[in-house]
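Basically my numbering = 1-based index in the sequence shown + 91. Some notes on the structure that comes next.
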Amino acid sequence: MNKNFLLIALISFAFSNQSILLLYPDADLSNTAKLNVSDVNAIHELFTDGFKTYSKYDIITPSDNPICYSSECALSLAEEYSADQVVTSKIRVLGSKIIFTGMIQKNDGSDNFATRITALNVEDMENASYRLSKSLINRDSIEDVADIDNIIKEEEVASKRRKSLYRVGLHLGYIVPFGGKNYYYFDDDNPTPKWNSFPLILGYTQNWELKSNNTMMLDIGLGINSTPTFKIDFTHNTFNNKSDNSMFYGYGIGWHVGMDRYLSNQIDMFDNQITVEESKLRHGPALVAQVGYIFMRTYNTNIMTRAKYHCQLSTLDGNIDNGITFSLSFIRKIESNNKRVNQSRSRDRVEYRFPLLELLLKATSN
Numbered sequence: 092m093n094k095n096f097l098l099i100a101l102i103s104f105a106f107s108n109q110s111i112l113l114l115y116p117d118a119d120l121s122n123t124a125k126l127n128v129s130d131v132n133a134i135h136e137l138f139t140d141g142f143k144t145y146s147k148y149d150i151i152t153p154s155d156n157p158i159c160y161s162s163e164c165a166l167s168l169a170e171e172y173s174a175d176q177v178v179t180s181k182i183r184v185l186g187s188k189i190i191f192t193g194m195i196q197k198n199d200g201s202d203n204f205a206t207r208i209t210a211l212n213v214e215d216m217e218n219a220s221y222r223l224s225k226s227l228i229n230r231d232s233i234e235d236v237a238d239i240d241n242i243i244k245e246e247e248v249a250s251k252r253r254k255s256l257y258r259v260g261l262h263l264g265y266i267v268p269f270g271g272k273n274y275y276y277f278d279d280d281n282p283t284p285k286w287n288s289f290p291l292i293l294g295y296t297q298n299w300e301l302k303s304n305n306t307m308m309l310d311i312g313l314g315i316n317s318t319p320t321f322k323i324d325f326t327h328n329t330f331n332n333k334s335d336n337s338m339f340y341g342y343g344i345g346w347h348v349g350m351d352r353y354l355s356n357q358i359d360m361f362d363n364q365i366t367v368e369e370s371k372l373r374h375g376p377a378l379v380a381q382v383g384y385i386f387m388r389t390y391n392t393n394i395m396t397r398a399k400y401h402c403q404l405s406t407l408d409g410n411i412d413n414g415i416t417f418s419l420s421f422i423r424k425i426e427s428n429n430k431r432v433n434q435s436r437s438r439d440r441v442e443y444r445f446p447l448l449e450l451l452l453k454a455t456s457n
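See the structure below:
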């Protein structure tokens, strides 16, 4: 019986949630035009929400809002509230900036970690509070815990800013065909059709990333070797997380075009029978599904690797054209020169929704 009670106690202890004591921030309120008591209360609530969002710990926030100015004070309160870890923070105003500093440590003073984040205004402290809480919980740097929900305004205007979620670029890959007549070709000296097992493809990619953690992708591809093809695909994709590097998966529709090549016996002008190569255009709608991985998602330039399955419903008889395309994509935000100049002068910005057309017009004008 005693053994059973001991076992239950050990299991309960092992699976019980740890707790974090979150103390009220030590705030400098000398500049009330920049920061006031109401702002600090709101920041504390957002900071608390950040810990609840990014951790599975029980978050303890005393109702009397105690403030500690030393590590010894924080550890004493952690013991009083039976907390496993304790978090202290400071908010300071420096010119036009608000500096939010936080420190987390265990109740014995070990494994302490401190970091800080800078915001340009009080409104930006919402994302800053979430970002700082995630950094403290994971004990990672502010840069490493960036996701699409906690990018702050300062990063949007910096020279190495994490820019818009709308990008264009190129992709290069190859197709592994499972069937279809689009991948047969003839040599000049051999009448037997050959199977092109690895057709290369080069194309244009446009990516619209949505606030809902989804993205829409447009791919325009062109086969560049012995079996020419043309593909237009539009897919809806879902990310697995909101971090810099994320897996995604999606599905969509497209229109694929290929050539059905065959040999035909004909009579030439001298009444001689000859064999000539002819072709028919094979085209039709396609169903597509893909899985991929994106790198540096919150930055201005992204790299994507993808595996995309397609199944073309051709307008001609024959085997269904289907296969998997493996590709590597480089996509980047494109802005006009005028837009770059006007960024520092105005907050009103013009978004170019047809960058490919813009580039062609610029090339012809030059």
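Idealized CB from N, CA, C, for every residue including glycine.
Can you give me the C-alpha to C-alpha distance between residue i and residue j, rounded to a whole angstrom?
i: Ala-249; j: Phe-386; result: Confidence is the limiting factor: at Ala-249 the pLDDT is only 41, short of 50, which leaves the residue's position unreliable, though a coordinate-based value still follows. About 21 Å.
i: Lys-143; j: Leu-114; result: 14 Å
i: Thr-396; j: Ile-415; result: 13 Å
i: Tyr-390; j: Glu-170; result: 42 Å
i: Lys-188; j: Leu-227; result: 21 Å
i: Ala-174; j: Asn-212; result: 33 Å
i: Asp-335; j: Arg-388; result: 5 Å
i: Asp-439; j: Ile-425; result: With a pLDDT of 42 at Asp-439, under the threshold of 50, the modelled position of that residue is not reliable, and no figure is offered here.
i: Lys-399; j: Tyr-145; result: 33 Å
i: Asp-310; j: Lys-333; result: 23 Å
i: Ile-182; j: Ala-133; result: 13 Å
i: Arg-431; j: Phe-269; result: With a pLDDT of 48 at Arg-431, under the threshold of 50, the predicted position of this residue should be treated as unreliable, though the coordinate-derived value follows. In a straight line, the C-alpha of Arg-431 is about 47 Å away from that of Phe-269.
i: Leu-313; j: Lys-302; result: 31 Å
i: Ser-110; j: Arg-423; result: 43 Å
i: His-327; j: Gly-345; result: 12 Å
i: Gln-403; j: Ala-210; result: 51 Å
i: Pro-376; j: Asp-140; result: 47 Å
i: Ile-151; j: Glu-214; result: 25 Å
i: Phe-138; j: Ile-394; result: 33 Å
i: Phe-411; j: His-401; result: The question names Phe, but residue 411 is Ile in the sequence shown. Distance between the alpha carbons of Ile-411 and His-401 is about 10 Å.
i: Lys-88; j: Ile-315; result: Nothing about residue 88 can be reported from this structure: the residues present for the chain run from 92 to 457 only.
i: Met-216; j: Ile-208; result: 9 Å
Taking DSSP as the reference, what is the three-state secondary structure of residue i?
i: Asp-130; result: helix
i: Glu-214; result: coil
i: Ser-226; result: helix
i: Gly-141; result: helix
i: Ala-165; result: helix
i: Tyr-295; result: strand
i: Tyr-342; result: strand
i: Tyr-400; result: strand
i: Ser-220; result: helix
i: Glu-234; result: coil
Applying the 10 Å Cβ sphere with the 16-neighbour rule, what's the burial state of residue i?
i: Leu-120; result: exposed
i: Arg-436; result: The predicted model places Arg-436 with a pLDDT of 43, which falls under 50 and marks its position as unreliable, so this point remains unresolved.
i: Asp-324; result: buried
i: Ala-124; result: exposed
i: Tyr-160; result: exposed
i: Leu-372; result: exposed
i: Asp-202; result: exposed
i: Asn-218; result: buried
i: Leu-112; result: buried
i: Arg-222; result: buried
i: Pro-116; result: buried
i: Gly-186; result: exposed
i: Val-128; result: exposed
i: Glu-442; result: Residue confidence for Glu-442 is low, a pLDDT of 43 falling below 50, so the modelled location carries little weight and cannot support an answer.
i: Gly-294; result: buried
i: Glu-234; result: exposed
i: Ser-405; result: buried
i: Gly-200; result: exposed
i: Val-178; result: buried
i: Thr-296; result: buried
i: Leu-168; result: buried
i: Glu-300; result: buried
i: Asn-298; result: buried
i: Ser-154; result: exposed
i: Thr-392; result: exposed
i: Val-379; result: buried
i: Val-267; result: exposed
Under the assumption that residue i contacts residue j (Cβ atoms under 8 Å), give the Cβ distance between them as a whole number of angstroms.
i: Asp-149; j: Asn-198; result: Their Cβ separation, rounded to whole angstroms, is 14 Å, which puts Asp-149 and Asn-198 out of contact at 8 Å.
i: Phe-321; j: Val-348; result: 4 Å
i: Pro-290; j: Tyr-265; result: 7 Å
i: Thr-206; j: Ser-224; result: Actually they are not in contact, since the Cβ atoms of Thr-206 and Ser-224 sit about 11 Å apart, beyond 8 Å.
i: Arg-230; j: Phe-204; result: 4 Å
i: Ser-418; j: Leu-263; result: 6 Å
i: Gly-260; j: Phe-421; result: 5 Å
* **Stretch-stretch touch, CB-based, cutoff 8 Å, three pairs: the region 375 to 393 with the region 335 to 344** => With contact defined as three or more Cβ pairs closer than 8 Å, the region 375 to 393 and the region 335 to 344 are in contact.
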